[in-house]
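Colleague: Going by the working numbering, the residue at position 76 of the sequence shown is 130; the numbering climbs one at a time, nothing skipped.
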Amino acid sequence: MKQYEAIGVIEAQYFAVAMQLLDEMSKSANIEFITSENYLGGRLVSVIIGGGISDVSAAIEVAKQVCQQKESNPLKMAVVISKPHPEILKYMISSKEEQQVSTEEVPNEALKETTTTEEAGTEISNEEVQPKPRRNVRRKNNE
């Protein structure tokens, strides 16, 4: 798992505002988007960024400035965590992303070995695999 000198977390109202903030932060500082989460159907969005301490701090300040220029300040929370503990990243990366990373790290040779091992297993006859066809049974009307 990648380590960062600092991480920044912002919570903003509305998905479109969060994307605008992420765009402005990315343009203003050398940061990396880590993850985001939507709550309340996209009405509350958390965005997590990572990078150097000065870059993350500058990006969070840009997000604050952009939101202050709007009529109702959509920024609910913005925080910079410097030198985050490695355990914190476990809460940020979802289990789905971890599974994708773990499968990407497996070399192709290991995947081939798994396939050949499965092929060496027991064979199943065609009758067991394919379902039996249904018979059409017509009933006669007995009047």
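Ideal placement from N, C-alpha and C gives every residue a C-beta, glycine not left out. Keep in mind it's a predicted model, so treat the numbers as computed, not measured.
Quick one, are the C-beta atoms of T76 and V101 less than 7 Å apart?
Modeller: The amino acid occupying residue 76 in the given sequence is Leu; Thr does not appear at that position. Against a cut-off of 7 Å, the Cβ pair of V101 and L76 comes out as a contact.
Colleague: Report the residue from E91, L143, K124 and I64 whose alpha carbon sits nearest the alpha carbon of M79.
Modeller: Ranking E91, L143, K124 and I64 by Cα distance to M79 puts I64 first.
Colleague: L133 to G95, Cα distance in whole Å?
Modeller: Reading off the sequence, residue 133 comes out as Val, not Leu. Their Cα atoms are separated by approximately 23 Å.
Colleague: Could you tell me the alpha carbon to alpha carbon distance between G105 and E59, rounded to whole angstroms?
Modeller: Distance between the alpha carbons of G105 and E59: 6 Å.
Colleague: Pick out whichever of F87, V71, A83 and Q67 has its Cα sitting closest to the Cα of M146.
Modeller: Nearest C-alpha to M146: F87.
Colleague: So what does DSSP say about Q122, is it helix, strand or coil?
Modeller: The answer is helix: DSSP assigns Q122 an H, G or I state.
Colleague: Can you give the Cα-Cα distance for I103 and E115, rounded to whole angstroms?
Modeller: Going from the Cα of I103 to the Cα of E115 covers about 13 Å.
Colleague: Between which two residues does the alpha helix (DSSP H) harbouring E78 extend?
Modeller: Its alpha helix (DSSP H) spans residues F69 to S82.
Colleague: Indicate the three-state DSSP secondary structure (helix, strand or coil) for K130 in the structure shown.
Modeller: Strand.
Colleague: Comparing C-alpha positions only, which one of P140, A66, S136 and D109 sits nearest to R97?
Modeller: Measuring from the Cα of R97, the nearest candidate turns out to be A66.
Colleague: For P138 and V71, which I take to be in contact (beta-carbon distance under 8 Å), what is that distance rounded to the nearest angstrom?
Modeller: The pair is not a contact, with the Cβ atoms about 25 Å apart (cut-off 8 Å).
Colleague: Compute the beta-carbon to beta-carbon distance between A83 and A117, rounded to the nearest angstrom, for a pair I have assumed lies under 8 Å.
Modeller: With a Cβ gap of about 10 Å, A83 and A117 do not count as contacting.
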